[in-house]
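Chains as they are written, first to last, in our numbering: chain A, 1 to 529; chain B, 1001 to 1529.
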């Protein structure tokens, strides 16, 4: 199959760095999606090839039954179709009604496009590794948009008699979620290539073992995607649900690709496990601990029918603290909005320079060290041919120095995988998380606006005074939820950045120290002056 | 004045590296000759600017009285004129007849071109820092070319009763020159800007102090150039006389340029001092030890009238060893020819990669480290704004890490001046030396060919048997001279490369160690995990 991609943004190649300039709306052919460092190798219609940041591309495939070849104007079509996706899955006869069939469909294997409708294009870099553009699927069918409940509905709805209540406690740092004393965790391992239909269809199955049961369950990528859709639908008004690692149409069975996807699925699951609200949800527990196919299917059906989703979740919030007034709520919201926006900018800049640095460290720089190494060795060979006596110490030392620079070339080229990789992965995760906040903030602000007109609604006779009290209480709950979530975010952020910065610097120290030591060794071969 | 340069060879810019593609025969305008690393900043006729290797350009000036503006076709004109240069200097009324006038002429100050005739262009990178092209002025008016003595003349001429005899001894390594027990050396220092004609003309005067007299003498660049011309004329059939550092028309009074020129003049003088034959010559001693202007002028006049020059020098060689037969002479010559050619290739490759590396280390690489440093610091600022308690340790540590990468950027950018500079300068010197060997080899081969026809010449009655013996003796002397010179070259080469490689590695070790230490310090600011 030929993979094509639509260019989402103008990208000007940095000359001399094997990049490809592309224009928004242009179509390119994907050559290699596994180059790493956030880059994709592509070819344009003039036959020029080069690297493009993966976030600038929207990949589709052509040449497949049931999929339209990429058409001009597909961009607009896709933009309109994308927000509908969640609904399509819900009404899909395969996913919702023919549950058995779900185990046999082609999701993530052969016909992603046809499942999501013709012309659907996957977004590469959706998990936050793109350098531009939306890094999360926004559920446009939720409040405050037309299809979801209007603010009145949820601001006024009675708290359900639900065992799912979400208490917010006052901790040392302010409002916090209820944290379990035995945190959930899981290990993803043992990716196996499985086949069905007599080998006609192949897929990768991962083994996931939670620390609670210590019993492995098996899941394919499409099951992770199903879980993601459920979490998104249920929680995305309340807390950030980052996208899964990218779907990918080519090279899905490459060892490197499988390793990378597993690593990213692991990071995603770890983050979800760490979240006190997400990890305790029924659907998440089902995913990790279902005992057999029957239990899984029943749980799936139940999860898909869950009505306690989106902003309705706010009715479950039970803060232990005094009610906040609207000004306080508004200020908190403003502050979080500014913070997440600034951090998003900071993370993107770090990702940008990281990607540039990755390319230099794996491309021109080691090539130069190799050339220096070969130049030393060549001179050494020439010197050996002089027949002048007493040449040996110098030529041996120069050969050793040359070989050392060849080794340094190798070390330099392999280093980004050792340090920059984790720095970029962590920041990509954060870019994914931060990309979720605008929706959360929008929900809060829409509710705040609605509460601000409460006086007018009372005098217009649309709501009564007791409703108004209820509204005030609800907006205070929303704010406590956001504060608890931001405190969760901050505490994780401090932990994650402390860890990643330390790891990066440790690796960098080891890198420079190793080179210094190697050169010191090379130096010892020379005659002392 | 506007400096223009003729492009000698096609040069394809490496994209993204601030280079300028140029075509042979094209004329460009010089913007900056002091960028270093063997590069010149130039602008082409389309207004594009960028770096070009200095060896690819031949610089002239326009806009000056007495100098024709650069004409199309000047390249060919120049190529024809260049070999004539030595003769022109000899017959110049300024240099040869009006000696006093020599102190007042404009050589190296304001009218280089008019001195050498209209259309003359200086060769930039003539001292061997060019990556292509002739790196030495070849005295085409010497044997074996038309104007010099024919092989018969010098092969048959009687040894003069000269105190200048050049003995060749048999040392441990084979034939060697007579080395003085107290080697000559000199120190060039204290460059002073001097003026004359009431400040209308300015020049730099250097103070040169030889270790023999310990008495400083003053010389301008043009005096060095006069010495170079004398040494070239006298010795260039026998041993390599590398070119002086480039003449330069712009920025001659910049501090950086003066420092660089002085450093290169010092390297050139040190090499000449180290040479047992050159250092003992009357003209070289005159240059270093003249007592007053009268002695200088008398010595100058004598040196310019010296007839013991070029291949005539071979008549002075007095080997203490048995006469060599023609086959041995031929083999030696072949071997040296191969060696010098191979070493020239090796040196050029090292210079090429060194120049490329220089540019990367002073350009894109530090810029990236700076961006990484700023990205860390920006994130730290954002984090500080979170109002989350207990943020300080992380933000302080991230700020420190960011500053460390900014410091690393600085260290990286300054490093080439510390290590690569000396490696490139030494290899440039060797490129200059190696560029002299083709002429030396040509003289030897022409003499060998002449000796090979000795039988025929005897039977044709052109020479008698005693002449033939003399010819055989003379070719053996020539070979001993070449062997002594090659042994001098090898011994210096081993010394120089041992020194420069050690120095380079020492600096590189210090460089990487310094970065490792800095990063270790930055790491210590983080909370232990």
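Every residue gets a Cβ at the ideal spot worked out from N, C-alpha and C, and that includes glycine.
Only a predicted model underlies this, so the values are computations on that prediction, with no experimental measurement involved.
Could you please give me the residues that DSSP links to residue i through a beta bridge?
{"i": "residue 186/A", "result": "210/A"}
{"i": "residue 1410/B", "result": "None; residue 1410/B has no bridge partner."}
{"i": "residue 39/A", "result": "36/A, 53/A"}
{"i": "residue 257/A", "result": "Residue 257/A pairs with nothing; no bridge assigned."}
{"i": "residue 1177/B", "result": "1168/B"}
{"i": "residue 1220/B", "result": "1205/B"}
{"i": "residue 1195/B", "result": "1202/B"}
{"i": "residue 1060/B", "result": "1004/B"}
Near residue i, what residues of its chain come up, given a Cβ to Cβ distance below 6 Å and the 5 sequence neighbours on each side ignored?
{"i": "residue 1336/B", "result": "1486"}
{"i": "residue 37/A", "result": "355, 358"}
{"i": "residue 1032/B", "result": "1041"}
{"i": "residue 1311/B", "result": "1143, 1154, 1237, 1443"}
{"i": "residue 1584/B", "result": "Only positions 1001 to 1529 of chain B appear in the structure, and residue 1584/B is not among them; the question remains open."}
{"i": "residue 1167/B", "result": "1178, 1318"}
{"i": "residue 1344/B", "result": "1434"}
Suppose you measure from the CA of residue i to the CA of residue j; what does that come to, to the nearest Å?
{"i": "residue 358/A", "j": "residue 429/A", "result": "18 Å"}
{"i": "residue 178/A", "j": "residue 169/A", "result": "7 Å"}
{"i": "residue 1389/B", "j": "residue 324/A", "result": "21 Å"}
{"i": "residue 1421/B", "j": "residue 1468/B", "result": "52 Å"}
{"i": "residue 1449/B", "j": "residue 1489/B", "result": "25 Å"}
{"i": "residue 1128/B", "j": "residue 1435/B", "result": "Bear in mind that the predicted position of residue 1128/B carries a pLDDT of just 34, short of 50, making it too unreliable to give a figure here."}
{"i": "residue 1438/B", "j": "residue 1021/B", "result": "30 Å"}
{"i": "residue 291/A", "j": "residue 270/A", "result": "21 Å"}
{"i": "residue 1006/B", "j": "residue 1279/B", "result": "36 Å"}
{"i": "residue 534/A", "j": "residue 1234/B", "result": "The shown model of chain A, from 1 to 529, leaves out residue 534/A, and the question about it has no answer."}
{"i": "residue 362/A", "j": "residue 413/A", "result": "4 Å"}
{"i": "residue 973/B", "j": "residue 1229/B", "result": "Since the first residue of chain B shown is 1001 and the last is 1529, residue 973/B is not available in this structure."}
{"i": "residue 1418/B", "j": "residue 1510/B", "result": "11 Å"}
{"i": "residue 332/A", "j": "residue 472/A", "result": "16 Å"}
{"i": "residue 91/A", "j": "residue 193/A", "result": "Note that residue 91/A has pLDDT 28, beneath the 50 cutoff, so the model's placement of it is unreliable and no number is given."}
{"i": "residue 303/A", "j": "residue 53/A", "result": "36 Å"}
{"i": "residue 157/A", "j": "residue 306/A", "result": "17 Å"}
{"i": "residue 492/A", "j": "residue 272/A", "result": "12 Å"}
{"i": "residue 1221/B", "j": "residue 1373/B", "result": "45 Å"}
{"i": "residue 517/A", "j": "residue 1232/B", "result": "46 Å"}
Can the beta-carbon of residue i be found less than 7 Å from the beta-carbon of residue j?
{"i": "residue 185/A", "j": "residue 214/A", "result": "no"}
{"i": "residue 512/A", "j": "residue 1411/B", "result": "no"}
{"i": "residue 175/A", "j": "residue 405/A", "result": "no"}
{"i": "residue 1401/B", "j": "residue 1383/B", "result": "no"}
{"i": "residue 1044/B", "j": "residue 1028/B", "result": "yes"}
{"i": "residue 504/A", "j": "residue 423/A", "result": "yes"}
{"i": "residue 1188/B", "j": "residue 1266/B", "result": "yes"}
{"i": "residue 1216/B", "j": "residue 1258/B", "result": "no"}
{"i": "residue 1009/B", "j": "residue 1024/B", "result": "yes"}
{"i": "residue 227/A", "j": "residue 287/A", "result": "yes"}
{"i": "residue 1254/B", "j": "residue 1034/B", "result": "yes"}
{"i": "residue 1339/B", "j": "residue 502/A", "result": "no"}
{"i": "residue 264/A", "j": "residue 1353/B", "result": "no"}
Excluding the five sequence neighbours on either side, which residues of its own chain have a C-beta within less than 7 Å of the C-beta of residue i, listed in chain order?
{"i": "residue 1506/B", "result": "none"}
{"i": "residue 1330/B", "result": "1448"}
{"i": "residue 1477/B", "result": "1314, 1317, 1319"}
{"i": "residue 1262/B", "result": "1188, 1191, 1206"}
Cβ of residue i within 6 Å of any heavy atom in the ligand NAP?
{"i": "residue 223/A", "result": "Within the structure as shown, the ligand NAP is missing, as the structure has no ligands at all."}
Ignore the nearest five residues each way along the sequence and tell me which others in residue i's own chain have a CB closer than 8 Å to its CB.
{"i": "residue 276/A", "result": "177, 178, 179, 180, 488"}
{"i": "residue 326/A", "result": "448, 451, 452, 472, 475"}
{"i": "residue 508/A", "result": "419"}
{"i": "residue 1218/B", "result": "1205, 1206, 1207, 1208"}
- prompt: With contact counted as at least three CB pairs below 8 Å, one residue from each stretch, are the segment 1460-1467 of chain B and the segment 1344-1364 of chain B in contact?
  reply: no
query: Residues in the segment 280-292 of chain A with C-beta within 7 Å of chain C's C-beta atoms, listed in sequence order?
result: The structure shown contains no chain C; its protein chains are A and B.
task: State whether the segment 1394-1404 of chain B contacts the segment 490-509 of chain A, with contact taken as three or more CB pairs (one from each stretch) at a distance under 8 Å.
output: yes
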